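J.: Sharing a structure here in structure tokens format.
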Amino acid sequence: MSAVFEPTPAAQARPSSRSGVEIRRLDAPFGAEVLGLDLGQPLPEETFRAIHRAHLEHHVLVFRDMHITPQQQVDFSRRFGPLQIHVLHQFQLPGHPEVLVISNVIENGKPIGLGDAGHYWHSDISYKEKPSLGSLLHAQELPAEGGDTLFADQHQAYDALPDELKRAIAGLKAEHSYLKKYEELRARSPWRPPLSQEQIEQVRPVVHPVVRIHPETGRKALFVSEHFTTRIVGWPEDESRDLLQRLFEHSTQERFVYRHVWQPHDMVFWDNRSVVHLATGCPAHLRRRLYRTTIEGDAPF
1 MSAVFEPTPA AQARPSSRSG VEIRRLDAPF GAEVLGLDLG QPLPEETFRA IHRAHLEHHV
61 LVFRDMHITP QQQVDFSRRF GPLQIHVLHQ FQLPGHPEVL VISNVIENGK PIGLGDAGHY
121 WHSDISYKEK PSLGSLLHAQ ELPAEGGDTL FADQHQAYDA LPDELKRAIA GLKAEHSYLK
181 KYEELRARSP WRPPLSQEQI EQVRPVVHPV VRIHPETGRK ALFVSEHFTT RIVGWPEDES
241 RDLLQRLFEH STQERFVYRH VWQPHDMVFW DNRSVVHLAT GCPAHLRRRL YRTTIEGDAP
301 F
């Protein structure tokens with residue numbers, strides 16, 4: 001584990017005299033917005049370090065007015081680590097396999113992106129041995145209504161657990177599977193494709209701690225979600241189901257939630273080790289298109 005991050009005044013968001021970038025806390029339980037960042041220019045190391053520290057402290061960063069290309073999004077994302085390629089290769093942005101298109105748009109009788117992404121609370125790619133460090137989602141087209149994204153702070157959720165429940169889940173492990181809700185989602189959406197055997201092999205179930213320790217801050221967080229967590233390892237089915245349901249409901253209470261109302265050209269960068277998220281959806285006839293890059297993290301412990 002790397003050195004534990006301690007919030008300092010420098011992480012609070014002061015304008016940088018060199019870059020003009022400002023990091024400002026949101027009026028929410030957590031999160032901050034980043035103003036004045038130009039990713040069309042080389043990013044000074046000082047500015048990158050400030051963004052990194054702010055990401056650790058605030059968990060969700062909202063970069064405003066980001067007029068950047070997909071390649072610039074990819075390049076910025078790679079500053080934080082290797083990128084993960086989503087199993088649904090059908091929805092890669094042409095020429096940019098690292099970019100997953102999130103969209104409800106249908107062109108020539110086919111979807112251009114994954115239209116029902118985020119239907120259930122989840123942490124991205126928790127179904128892999130090395131789940132995501134973080135994801136960046138850049139708005140390309142936004143609907144006139146709906147389309148908000150909810151984020152729930154899993155550090156706060158863990159801290160708020162009763163002591164007896166903290167003791168009960170200490171040391172427990174849970175299985176995560178991409179397939180848990182897949183067929184249910186396919187039944188809801190005619191556009192979600194069936195998985196090939198090769199794709200199924202890429203998403204075999206994995207086991208992670210119920211409570212994970214953030215590798216950079218040392219903070220504990222709940223690491224289960226209704227979308228991907230299937231069972232508590234070693235527990236009877238009924239007890240496993242009841243405990244997970246209790247944790248799912250606790251972890252997404254309104255007091256832990258930031259609701260992001262998208263503005264044109266927003267790019268949101270969240271820490272999948274610290275939060276779970278949910279897409280609220282929008283009317284099907286309103287176009288919505290966003291580009292997602294996902295950074296590989298570490299094996300949870």
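Note that the UniProt record's numbering gives residue 55 to position 55 of the sequence shown, counting from 1, and the numbers run on in steps of one. Yeah, the Cβ is synthetic: ideal placement off N, Cα and C, and Gly gets one too. Every value quoted in this text rests on a predicted model; they were computed, and no experiment measured them.
Looking only at DSSP bridge pairs, what is Val257 linked to?
T.: Ala152
J.: Hey, quick one: how far does the beta strand (DSSP E) through Pro97 stretch, first residue to last?
T.: 96-103
J.: By how many angstroms is the C-alpha of Arg167 removed from the C-alpha of Gln90?
T.: Here the C-alpha atom of Gln90 lies approximately 43 angstroms from the C-alpha atom of Arg167.
J.: Is DSSP giving Glu129 helix, strand or coil here?
T.: DSSP places Glu129 in coil when its eight states are reduced to three.
J.: How should Thr293 be labelled, buried or exposed, when 16 other C-beta atoms within 10 angstroms of its C-beta is the threshold for buried?
T.: That one is buried.
J.: Since Ser135 sits in a beta bridge, which residues does DSSP pair it with?
T.: Trp270, Thr294
J.: What's the C-alpha gap between Arg14 and Leu35?
T.: Note that Arg14 scores a pLDDT of 48, beneath 50, so its modelled location is shaky; the value from the coordinates is reported in the next line. Using only the alpha carbons, I get a separation of about 11 angstroms.
J.: Roughly how far, in whole angstroms, is the beta-carbon of Leu61 from the beta-carbon of Phe269, given that I think they are within contact range, below 8 angstroms?
T.: 5 angstroms
J.: Nearest-angstrom Cα distance between Gly118 and Ser132?
T.: 15 angstroms
J.: Measuring straight from C-alpha to C-alpha, what distance separates Gly31 and Asp271?
T.: 11 angstroms
J.: State the Cα-Cα distance for the pair Glu164 and Trp262, rounded to the nearest angstrom.
T.: 39 angstroms
J.: By Cβ distance below 6 angstroms, which residues in the same chain neighbour Arg231 in space, the five residues on each side in sequence not counted?
T.: Once the five neighbours on either side are set aside, the close Cβ partners of Arg231 are Glu175, Ser240.
J.: State the CB to CB distance for the pair Leu88 and Leu56, rounded to an integer number of angstroms; the pair is presumed to be in contact (CB under 8 angstroms).
T.: Leu88 to Leu56, Cβ: 29 angstroms. No contact.
J.: Could you tell me which of Leu142, His138, Lys130, Phe76 sits nearest to Arg287, measuring between CA atoms?
T.: Leu142
J.: If you reduce the DSSP assignment to three classes, tell me which class Phe63 lands in.
T.: strand
J.: Looking at the secondary structure, which residues open and close the alpha helix (DSSP H) in which Thr47 lies?
T.: That run of the alpha helix (DSSP H) goes 45-58.
J.: So what does DSSP say about His250, is it helix, strand or coil?
T.: Residue state, collapsed to three classes: helix.
J.: Does the Cβ of Ala3 have 16 or more other Cβ atoms within 10 Å, making it buried, or fewer, making it exposed?
T.: Residue confidence is low: Ala3 scores 36 on pLDDT, short of 50, so the model does not pin down where it sits. Its coordinate-derived value is still stated next. It is exposed - the Cβ of Ala3 has fewer than 16 other Cβ atoms within 10 Å.
J.: Work out the CA separation of Asp298 and Gly218 for me, nearest whole Å.
T.: 13 angstroms
J.: Quick check: what's the CA-CA separation for Leu26 versus Glu249?
T.: 25 angstroms
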